[in-house]
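In the numbering used here, the protein residues as written are 1 to 204. What follows is a set of notes on a single structure, which appears directly below.
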């Protein structure tokens, strides 16, 4: 049996070494803090002809009937830029759309179980877990873990550990394809009013 060369040993060690998570779910006491308010919003329109009559149209290769609303949910701002080592607090306010959730791709950071906070940033005692919809005037009747509704505000906190760009995704309004591509229509051609995506960029 041939002995491994020094370079091969180093490569094997690198493979077995655990990779540090890009975003940590807790912050160190000495980390400088940053806070951002993000609004869950929406752009929409009903395409019309020169006389103002609704018309059939095409949306990204999908045929749509006349008088159907073309809409796209979004995070505003859609880009958050922080520095490595900073403790980041996101306050996400549900404004447009009956309900949303938020997952930061490739990390353990997301709205599942997140605390709901009031306008002053204080916890209300409610968390984004599976529960009945407090807004009885609109659906769904039951919310899944991580979902929050119009008028609610959730708080996420993490420490930016590794430089890079991380996608923030609302899975309610985004279809994630088999290769990680984000789509506005599911695999059956049904519109999901997305993709609803934002970005967290961590600078060195």
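All C-beta atoms, glycine included, are put in the ideal place defined by N, C-alpha and C.
Going straight from the alpha carbon of residue 51 to that of residue 196, what length do you get? Their Cα atoms are separated by approximately 32 Å.
Should residue 181 go down as buried or exposed, given a rule of 16 or more other Cβ atoms within 10 Å for buried? Classification of residue 181: exposed, given that the 10 Å Cβ count is below 16.
Applying the 10 Å Cβ sphere with the 16-neighbour rule, what's the burial state of residue 168? By the neighbour-count rule (16 or more Cβ atoms within 10 Å), residue 168 is buried.
Could you give the C-beta distance for residue 202 and residue 160, rounded to a whole number, given that I count them as a contact under 8 Å? At roughly 4 Å, the Cβ-Cβ gap stays under 8 Å, so residue 202 and residue 160 are in contact.
Measuring CB to CB, does residue 156 end up less than 8 Å from residue 111? Between residue 156 and residue 111, the gap from beta carbon to beta carbon is short of 8 Å.
Where residue 108 falls: helix, strand or coil (DSSP): Here DSSP, grouped into helix, strand and coil, assigns residue 108 to coil.
Please report the distance separating the alpha-carbon of residue 200 from that of residue 107. Computed Cα separation, rounded: 12 Å.
Between residue 59 and residue 171, what straight-line distance do the alpha-carbon atoms span, to the nearest angstrom? Those two C-alpha atoms are separated by around 20 Å.
Residue 23 beta carbon near the ligand ATP (any heavy atom closer than 7 Å): Absence of the ligand ATP is noted for the structure shown, with no ligands found whatsoever.
I need the DSSP call for residue 42, collapsed to helix, strand or coil. Strand.
Between which two residues does the beta strand (DSSP E) carrying residue 202 extend? According to the DSSP assignment, residue 202 belongs to the beta strand (DSSP E) that extends over 197-203.
Reducing DSSP to helix, strand and coil, say where residue 216 ends up. Nothing about residue 216 can be reported from this structure: the residues present for the chain run from 1 to 204 only.
By a C-beta neighbour count over all protein chains shown, 10 Å radius and 16 as the cutoff for buried, is residue 158 buried or exposed? With 16 or more Cβ atoms within 10 Å of its Cβ, residue 158 is classed as buried.
With distances taken between CB atoms, is the gap from residue 94 to residue 146 smaller than 8 Å? The Cβ atoms of residue 94 and residue 146 lie no closer than 8 Å to each other.
Near residue 24, which residues of its chain fall below 7 Å by C-beta distance, leaving aside the five closest residues on each side in sequence? Closer than 7 Å at Cβ, skipping near neighbours: 158, 159, 161.
Hey, residue 67 and residue 88: beta-carbon distance below 8 Å or not? No, the pair does not count as a contact, with Cβ atoms beyond the cut-off.
Kindly indicate which residue of 105, 42, 64, 85 has the alpha-carbon position closest to the one of residue 77. Considering only alpha carbons, the answer is 42.
Taking all protein chains shown into account, do 16 or more other C-beta atoms lie within 10 angstroms of the C-beta of residue 81, making it buried, or fewer, making it exposed? Taking all protein chains shown into account, residue 81 has fewer than 16 neighbouring C-beta atoms within 10 Å of its C-beta and is therefore exposed.
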